[in-house]
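Worksheet: the structure to be examined is printed underneath.
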Amino acid sequence: MTTDPPTSATRLDLPSYQRPAGVHPPLDTPAYRSTLLRAPKRRPALLPQGLTEVTGPLLGAERVTAADADLTGGHGAAPLGERIILTGRVLDSDGRPVPDTLLEIWQANAAGRYNHRVDDHDAPLDPNFDGAGRCVTDSQGRYRFVTIKPGAYPWRNHLNAWRPAHIHFSVFGRAFTQRLVTQMYFPGDPLFAQDPIFNSVPDPRARQAMICRFDLSVTEPDWALGYQWDIVLRGRGATVFEHPEDHR
Amino acid sequence: MTASPASLQQHSLQQTPSQTVGPFLALGLPWPDGPFVVPEGSAGAITIAGRVLDGAGDPVPDALVETWQAAPDGTFAHPDAPRPAGLAWAHGFRGFGRSATDPAGRYRIITVKPGPVPLPDGRAQAPHLDVSVFARGLLERVVTRIYFPDEQAANDSDPVLGTIDADRRATLIAAQEPGAGPGVLRFDIRFQGSRETVFFDV
Chain A
452 MTTDPPTSAT RLDLPSYQRP AGVHPPLDTP AYRSTLLRAP KRRPALLPQG
502 LTEVTGPLLG AERVTAADAD LTGGHGAAPL GERIILTGRV LDSDGRPVPD
552 TLLEIWQANA AGRYNHRVDD HDAPLDPNFD GAGRCVTDSQ GRYRFVTIKP
602 GAYPWRNHLN AWRPAHIHFS VFGRAFTQRL VTQMYFPGDP LFAQDPIFNS
652 VPDPRARQAM ICRFDLSVTE PDWALGYQWD IVLRGRGATV FEHPEDHR
Chain B
10 MTASPASLQQ HSLQQTPSQT VGPFLALGLP WPDGPFVVPE GSAGAITIAG
60 RVLDGAGDPV PDALVETWQA APDGTFAHPD APRPAGLAWA HGFRGFGRSA
110 TDPAGRYRII TVKPGPVPLP DGRAQAPHLD VSVFARGLLE RVVTRIYFPD
160 EQAANDSDPV LGTIDADRRA TLIAAQEPGA GPGVLRFDIR FQGSRETVFF
210 DV
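As they're listed, the protein sequences go chains A and B. If you read the first sequence in the working numbering, its first letter stands for residue 452, the second for the next number, and so on. If you read the second sequence in the working numbering, its first letter stands for residue 10, the second for the next number, and so on.
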């Protein structure tokens, strides 16, 4: 489709980050009990995408050092657990790389315990593992972390409830509408079937998009297993908006 | 030239679904300077503070509030913005604020009032902050807006506020904090209940 040349200087040609259907979990997911008092009850109002929505903070490089991407460093010794390299790209749904964007991750240690005062799981803390890292994607949207594979852990959602091993990811993208916080899972986890958070995503294909894949080419001999995982944010199909005058 | 929606659909990649931040977000997300949209001690700075409350009226101690806004001159430091970034951006204005809630569910953002930002169709909007709220129990962020109590005329003609039922509009307008100076505004976020905050699909 070709667009007509603008007829009015007041037209703004802004990207439009359409909300995808069937990708994100419904807030109202009773199987995940914490939603009961927290998921809003009323239907959300429609917010037209203006400048505030199609722009966003472009923070990153100045907040991050190379050491921040290595969760196994910074202590006297290496943390316990299976060392892994986790790498991939941040893309938009049109396949464009998202460069220079800040990724923040946090996770449990190899025993399934978070270094957080609220976590009372009867598993050991690891004095050599804090469990938080960050990095900024390069010009091709690539990121790379070195960490350890987190353990599964029990929680109180239902009887004998266990979270599959996962790493929390926070991604800014280039616009307020692209902001995403999610969890990355590991392939073949037997705990998927009973996890209401993983299964809150209704579409099986979308659920698969949260699972990384083992990659021998990322794996480094005698050192660490490699995993690949791409993060796909909303695309920016440009839309031409018309001035109200055009319709009078 | 823009691709048609149909062709975009054909070639689009499977998007990554959202998941909850969970109860341990404080490990990875808070920044020491998070609440400071403008540098600490900036002249004319205002504080927007409040509580995040659940459907039982209890504080939410494991939430994260993020804000995004224009500079006082209405500009954004962003390649898609039609106007270049104003001077504020070169002097420490970040546009972005982030505050985790404390055990009493309280958050705070230190900022300045944004300038006017038009919609793409040219209609003027009242000064506003876009807000994301993340929490355990929210499988995806919820989005709301903060408007200003001393902008009644602009609020009354705001095209977004105008789509909201009159009896719920007040949930989007910060209030002057009683007993505090003019630079302290209160904005509570209620996930549920008779005063449930208006949230947006964006």
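Ideal Cβ positions, reconstructed from N, Cα and C, are used throughout, including at glycine.
Asked	Found
Residue nearest to Trp77 (chain B) in terms of C-alpha spacing, selected from A:Asp640, A:Arg664, A:Arg625	A:Arg625
Within-7 Å CB hit, Ala65 (chain B) to chain A	yes
Closer than 7 Å to chain A by CB, His87 (chain B)	yes
7 Å Cβ cutoff, Lys492 (chain A) in contact with chain B	yes
Interface partners of Gly501 (chain A) on chain B, CB under 8 Å	Val126, Pro127, Leu128, Pro129, Gln134
Contact check, Gln629 (chain A) vs Leu684 (chain A), beta carbons under 7 Å	yes
Coarse secondary structure for Thr454 (chain A), derived from DSSP in three states	A caution first: Thr454 (chain A) carries a pLDDT of 42, below 50, which makes its placement in the model too unreliable to give a value.
Span separating the alpha-carbon of Gly95 (chain B) from that of Pro477 (chain A)	39 Å
C-beta neighbour in chain B for Ala657 (chain A), strict 7 Å	yes
Leu62 (chain B) versus Asp197 (chain B): straight-line alpha-carbon distance, rounded	8 Å
Sufficient close CB pairs (3 or more, under 8 Å) joining the stretch 615-624 of chain A to the stretch 24-38 of chain B	yes
For Asp521 (chain A), three-class secondary structure by DSSP	strand
Complete alpha helix (DSSP H) runs within the stretch 636-661 of chain A (minimum length 4 residues, chain order)	655-659
Counted within 10 angstroms of its Cβ, other Cβ atoms place His137 (chain B) as buried (16 or more) or exposed	buried
Delimiting residues of the beta strand (DSSP E) encompassing Leu553 (chain A)	553-558
N- and C-terminal bounds of the alpha helix (DSSP H) containing Val207 (chain B)	Counting along the chain, Val207 (chain B) falls outside any alpha helix (DSSP H), and DSSP gives it neither H nor E.
Any C-beta of chain A under 7 Å from that of Val207 (chain B)	yes
Element boundaries [alpha helix (DSSP H), containing Leu502 (chain A)]	502-505
Proximal residues to Tyr116 (chain B) (C-beta, below 6 Å), its chain only, five neighbours per side dropped	Val74, Ser108, Thr110
Near-chain A residues of the stretch 170-188 of chain B - C-beta to any C-beta below 7 Å	Thr172, Ile173
Host beta strand (DSSP E) of Leu96 (chain B) (start-end)	Run containing Leu96 (chain B): none in the beta strand (DSSP E); it sits in the alpha helix (DSSP H), 96-99.
Contact set between the stretch 601-628 of chain A and chain B, restricted to residues whose Cβ is under 7 Å from the partner	His619, Ser621, Phe627, Thr628
Nearest-angstrom Cβ-Cβ length linking Val541 (chain A) and Thr552 (chain A), presumed shorter than 8 Å	6 Å
Chain A residues whose Cβ lies nearer than 7 Å to that of Pro32 (chain B)	Val569
Ala109 (chain B) beta carbon near the ligand COA (any heavy atom closer than 6 Å)	Only the bare structure without any ligand can be found here, which leaves the ligand COA out of the picture.
Reference Phe102 (chain B); option with closest CA among B:Pro44, B:Leu170, B:Val169	B:Pro44
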